[in-house]
Structure formats: C-alpha cells, structure tokens
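Numbering (my numbering), first residue to last: 400 to 620. Cβ atoms here follow ideal geometry from the backbone N, Cα and C, with glycine treated the same way. Everything on this sheet refers to the single structure shown next.
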C-alpha cells in the first residue's frame, strides 16, 4: 500500500495537555522537577501550584506539556514514568492519555501486581537486587552514570551552597591578588636601570643600564 512509505502521526498525540506532579516531599525544588520532566516532555510555560478550596497547597504542581514523538520502534510518543524519585524523594505524575504503567519497573503495559521480576533500586536494571548490583552508580535526576544527585551539576543549589561557593571564589581572588602584588614588589626591588650586584659593608656596587662600562661606587659614611 502507498501509505507504508509515509510516517503517520496523530495530531492529538502531540497536543498540549496538563500534567500533574505530586512529590511527597514538598521542599523538592521546582527547578529539579522541571529538569527531570524535560528528559521526557516539552514544557510550555512555568509550573503552577494546585490549591484546595481553602487556598492551601496540595503539594501538587501542574505543567502544560507536549509529549515527544518516539516510543517503541519509533512509533507513538514517549511517556514519562508514572512513579519516579529525585534524590531520595518519591513522587508520581498523571495526565490525560497516560498508559497503564508498573510502579516497580517503570514500563508500560502491565501493573506491579503482574510483575514477577526484581528491579535494582540503585541502577534501575531489571534482573538483580541492589545487593548484587555490579553496574556503576547513576543519577536519578539527569539519568547519567558516574555520579549521584548530590554531585549532579544540574541540580538546584541551596542558599548555603551558593554562599559557600561565593566565599570560596572571593578567597581564591584575594589569594591571586596578594600573589600578584608580591610579584610586582619583587620586580620593583630587582628591576630598573640600576640592579644591585653586590652589597658589602660600607659600599654598594650598582650596574647601570646595559652597554655602560662604568661602575658607580658609593662609599659609606
């Protein structure tokens, strides 16, 4: 059929939809949540807190997102995991058109009650437990291996960390300034047209500008 030569994508799959995130720890920075979501979806605008009838925050945030094309064998769209963790903080998300997902392995098409395998909580790989893990550590914020959340360059820095980093930069700048001043002082003492060649009791021998053959001898009083 002629349609086999075309890629067909339904318009409703990439439409703008509301995605709700619920973090059990309300102090998780919004910047970290947005960075995690951007691994899977395109966020439009900024997130907003969901308030109840009394005006109190429900620890939920809503975002307007567009799903990215992809999925298995390049068909459909990419769906973010229904349950996830940022550092040691667990959370879940839901949106219109979300497929059935397993909270243990994160895959779609089945629920956790139907999942009979084991998943490593350290690397997320199916088939072994954490005690038997031989895979390198990975960050649950950016998804890259080799570091954890605490050392991730993409995480939101706290006020104390930002202040400490600023103080460290200022300390390094002061040290560099003192070193430069000492270098200039040494250049002034040993440089110029007349350089001190020898100093003895009662006399100082000076070497004048290059090319001069005279020596200036100053007798001591």
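query: Can you find the residues in the same chain that come closer than 6 Å, C-beta to C-beta, to residue 419, ignoring five residues on each side of it along the sequence?; result: 459, 461 and 493
query: Determine the extent of the beta strand (DSSP E) in which residue 465 is found, giving its start and end residues.; result: 456–466
query: Going by the C-beta, is residue 528 closer than 7 Å to any heavy atom of the ligand ADP?; result: Annotation note on the ligand ADP: not contained in the displayed structure, which lists no ligands.
query: Less than 8 Å between the C-beta atoms of residue 521 and residue 536, yes or no?; result: yes
query: From residue 428 to residue 403, what does the alpha carbon distance come to, in whole angstroms?; result: 46 Å
query: Between the C-alpha atoms of residue 516 and residue 504, what's the straight-line distance to the nearest angstrom?; result: 9 Å
query: To which residues of the same chain is residue 556 closer than 8 Å at the C-beta, ignoring the five residues directly before and after it?; result: 564
query: Buried or exposed: residue 480, going by 16 or more other Cβ atoms within 10 Å of its Cβ?; result: buried
query: According to DSSP, simplified to helix, strand and coil, what is residue 499?; result: coil
query: Measuring CB to CB, does residue 507 end up less than 8 Å from residue 496?; result: no
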